[in-house]
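**Q** Take any residue in the sequence shown, count from 1 to its spot, add 6: that is its number in the working numbering. Cβ atoms here follow ideal geometry from the backbone N, Cα and C, with glycine treated the same way. Quantities reported herein were computed from a predicted structural model and do not represent experimental measurements.
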Amino acid sequence: MNESALRRKVEHVDTDASGVVHFSRYASLLETAGLEELERRGAGLEVLSGQGLDLRVRELRVSYRAAARFQDWLVMVPAVEHVGPASLKLGVKLYREGTGPEPLLLAFGSLDLAVVNKENGVPACLPPSLSSALKLAP
7 MNESALRRKV EHVDTDASGV VHFSRYASLL ETAGLEELER RGAGLEVLSG
57 QGLDLRVREL RVSYRAAARF QDWLVMVPAV EHVGPASLKL GVKLYREGTG
107 PEPLLLAFGS LDLAVVNKEN GVPACLPPSL SSALKLAP
């Protein structure tokens, strides 16, 4: 796994009555991993806010491959897939750890985010310093 991978244990709150992670929880996992990647690259929510910027989700996509279950260890691997003048696309792959020689891909998805002015929600350009930080290879 790469250096930006995040580990998380599935908690009871993540699951349905049968102990399987509810499909809706994957959106939260993708968002958490993606925002952690922005933070790691020096362009997290606090930094954006300090520049008068915020992020809005324009599109969320999730593809499911296999179920995660209560107490599984998950590995989330985020990546910055695209940086536009006023947008970002974050991709995340979610794996189950410890099921064989290689982690099992459970789900993958992307968050397409608009950069907006924090005060009025109008689209805004990323400052060159943040854009550069996000475009750097991990």
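#1: Do you know whose CA, among 49, 47, 130, lies nearest residue 92's CA?
#2: Looking at C-alpha atoms only, which residue of 18, 24, 25, 38 is the closest neighbour of residue 96?
#3: Mind checking whether residue 194 and residue 81 have CB atoms under 8 Å apart?
#4: Comparing C-alpha positions only, which one of 31, 26, 46, 30 sits nearest to residue 11?
#5: Can you give the beta carbon distance from residue 40 to residue 142, rounded, assuming they're within the 8 Å contact cut?
#6: Residues in its own chain within less than 6 Å of residue 43 by CB, not counting five upstream and five downstream?
**A** Let me lay it out:
#1: Numbered from its first residue, the sequence shown carries residue 92 at position 86. The shortest Cα separation from residue 92 among 49, 47, 130 belongs to 130.
#2: For the purposes of this step, residue 96 is taken as the residue at position 90 of the sequence shown. Taking only the C-alpha atoms, the option nearest residue 96 is 38.
#3: Residue numbering for the chain in the displayed model covers 7 to 144; residue 194 lies beyond these limits and cannot be assessed.
#4: Looking up residue 11 in the sequence shown gives position 5. Looking at the Cα atoms, 46 is the closest of the given residues.
#5: Stepping through the sequence shown from its first residue, residue 40 is reached at position 34. Stepping through the sequence shown from its first residue, residue 142 is reached at position 136. Not a contact, Cβ separation roughly 16 Å.
#6: Reading the sequence shown from its first residue, position 37 is the one you call residue 43. Taken in chain order, the residues that qualify are 10, 84.
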